[in-house]
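**Student:**
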Amino acid sequence: MTDRRLDAARAFYASLVAGQSGAAPELRERMERAFALVPREHFLGPPPWAALTGLRGVIETSDPIHLYQNVLVAIDRARGVNNGEPCLHGQLIAALHPQRGERALHIGCGTGYYTAILATLVAPDGRVTGYEILDDLASAAARNLAPWENADVIAGSGADAALPAADMIYVSAGSTRPADAWLDALVDGGRLVFPLIGAKRDGVALLVSRRGVAFDATVISRVSFITCAGAFDAEEGAAVDRGVKRLRRGEALTLLRDGGESEASIVAGHRWRLVARG
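First residue of the sequence shown? That's 3 in the numbering used here, and the numbers climb one at a time after it.
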């Protein structure tokens, strides 16, 4: 394949992802540039790559042009680790509204592809730190992100220890709760996007925004994710399963950091609940 063909595929892909992200024009333009600049194949290991397509199932390819579609690509099939669908991640990243100069954390960064997208969006003065609990993936992410001077990787959990202050936190693994570490790390005006999933690993992506000591939440979309070590509890997940069925895209909520269900609670877990924003 000629470089020209690959460049054209990347440009089309970037336009597709940015166009479906729901971002406002200025952010959409920056997202299109980021998705065009960051080479996806650089983060997927050596070919052949296994891509999951909607109609044809899993296909194996050594041609990087096939990666520039809205396809999930396997990183470790045995462990169920994937480089997720770009249009979904584009939508979730757009919900964070990343700005130049901001400090971002990426929890569950895998091999670093979407970390690189975030690093490009906050450059030149912003910075992204990725957290990956699987040591081999964390090592791969650190190698892959070496060209991005404003990105680094920590091998370890980003859910059960104190985190540095952040303008935005992007979580790429499913959780049965908004981890205290994430909420505590948000500065005033900071944003968190995470997949709230139940025991069945299905749920919704939530945008949480800090307003002083209060937290607003908005439903972005329905999602399905692998679980986040340190922020997933099967017992809590059963309660989440019951509640997330009632949530609708765009629904405005308030996140309360207290325990117990009540008539006002739409979803309730250990020391947190979601209620309608009144």
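Note that the Cβ used here is the ideal one computed from N, Cα and C, for glycine as well. Predicted model only: the values in this text are computed from it and were never measured.
Please look up how many angstroms separate the CB atoms of L54 and V73, rounded, as I've assumed it's under 8 angstroms.
**Tutor:** Their Cβ separation, rounded to whole angstroms, is 6 angstroms, which keeps L54 and V73 in contact under 8 angstroms.
**Student:** Could you tell me if V206 is buried or exposed, where buried requires 16 or more neighbouring beta carbons within 10 angstroms of its beta carbon?
**Tutor:** V206 is buried by the Cβ-count criterion.
**Student:** Take D169 as the anchor and find which of P100, R6 and E237 has the nearest alpha-carbon.
**Tutor:** Among P100, R6 and E237, the Cα nearest to that of D169 is on P100.
**Student:** Name the DSSP bridge partner or partners of D154?
**Tutor:** Answer by DSSP bridge pairing, in chain order: T131.
**Student:** By alpha-carbon positions, which one of W51, G252 and A96 ends up nearest to D218?
**Tutor:** The candidate whose alpha carbon is nearest that of D218 is G252.
**Student:** Apply the 10 Å Cβ neighbour rule to A216 and answer buried if 16 or more other Cβ atoms are within range, or exposed otherwise.
**Tutor:** By the neighbour-count rule (16 or more Cβ atoms within 10 Å), A216 is not buried but exposed.
**Student:** Given G350, which residues of its chain have a CB within under 6 angstroms of its CB, disregarding the five upstream and five downstream residues?
**Tutor:** Beyond the ends of the chain as shown, which are 3 and 280, falls residue 350; an answer cannot be given.
**Student:** Skipping 5 residues on each side, what residues in its chain have a beta carbon closer than 6 angstroms to that of Q209?
**Tutor:** Gln is not the amino acid found at residue 209; the sequence shown has Leu there. If we look at L209 and ignore the five residues flanking it on each side, its Cβ neighbours are A97, V195, T220 and I222.
**Student:** Give me whichever residues DSSP pairs with E2 in a beta bridge.
**Tutor:** The structure shown has nothing for residue 2, since the chain only spans 3 to 280.
**Student:** What is the DSSP secondary structure of I268, counted as helix, strand or coil?
**Tutor:** Here I268 sits in strand by DSSP.
**Student:** Which residues in the same chain have their Cβ closer than 6 angstroms to the Cβ of D204, if we skip the five residues on either side of it in sequence?
**Tutor:** Hits under 6 angstroms: S226.
**Student:** Quick one: what does DSSP say D162 is sitting in, helix, strand or coil?
**Tutor:** Reduced to three states, the DSSP call for D162 is coil.
**Student:** Where I268 and P180 are concerned, what is the direct C-alpha to C-alpha distance, given to the nearest angstrom?
**Tutor:** One C-alpha to the other measures close to 15 angstroms.
**Student:** Mind checking which residues open and close the beta strand (DSSP E) that includes P197?
**Tutor:** It spans L188 to I199 - the beta strand (DSSP E) in which P197 sits, taken as one unbroken run.
**Student:** With a CB to CB cut of under 6 angstroms and the five nearest residues on each side skipped, what residues in its chain are close to R259?
**Tutor:** So the qualifying residues of the chain are W274.
**Student:** Check whether the stretch 160-167 and the stretch 103-119 are in contact - that is, three or more C-beta pairs closer than 8 angstroms.
**Tutor:** In short, these stretches touch, since the Cβ pair count reaches three.
**Student:** Under a three-way DSSP split, which group does I228 fall into?
**Tutor:** Reduced to three states, the DSSP call for I228 is coil.
**Student:** Unbroken beta strand (DSSP E) runs of length 3 or more, entirely within the stretch 85-150: which are they?
**Tutor:** Taking only runs of at least 3 residues, the beta strand (DSSP E) segments lying wholly in the stretch 85-150 are 105-109 and 129-134.
**Student:** Please report how far the alpha carbon of A148 lies from the alpha carbon of P88, in whole angstroms.
**Tutor:** Each residue's alpha carbon lies about 22 angstroms from the other.
**Student:** Near S187, what residues of its chain come up, given a Cβ to Cβ distance below 8 angstroms and the 5 sequence neighbours on each side ignored?
**Tutor:** Residue identity differs from the one stated: residue 187 is Ala in this sequence, not Ser. Taken in chain order, the residues that qualify are L107, A164, L165, P166, A167, A168 and I171.
**Student:** Where do the N-terminal and C-terminal ends of the beta strand (DSSP E) with V277 fall, by residue?
**Tutor:** Run containing V277: W274 to A278, per the beta strand (DSSP E) assignment.
**Student:** For V189, count neighbouring C-beta atoms within 10 Å of its own C-beta (all shown protein chains included) and say buried if the count is 16 or more, exposed if not.
**Tutor:** V189 is exposed by the Cβ-count criterion.
**Student:** What does a CB cutoff of less than 6 angstroms around L133 pick up in its chain, not counting 5 residues either side in sequence?
**Tutor:** Reading the sequence as shown, one finds Tyr at residue 133 and not Leu. Here the set comprises I109, I156 and G160.
**Student:** For the candidate residues L198, G191, T131 and V60, whose alpha-carbon lies nearest to that of S321?
**Tutor:** Coverage of the chain is limited to positions 3 through 280, which leaves residue 321 absent and any answer about it impossible.
**Student:** Of the choices A11, L29, R7 and M33, whose alpha-carbon is the least far from that of V19?
**Tutor:** The shortest Cα separation from V19 among A11, L29, R7 and M33 belongs to M33.
**Student:** Can you list, in chain order, the residues of its chain whose CB lies under 8 angstroms from that of R248, leaving out five sequence neighbours each side?
**Tutor:** Result list for R248: I268 and V269, in chain order.
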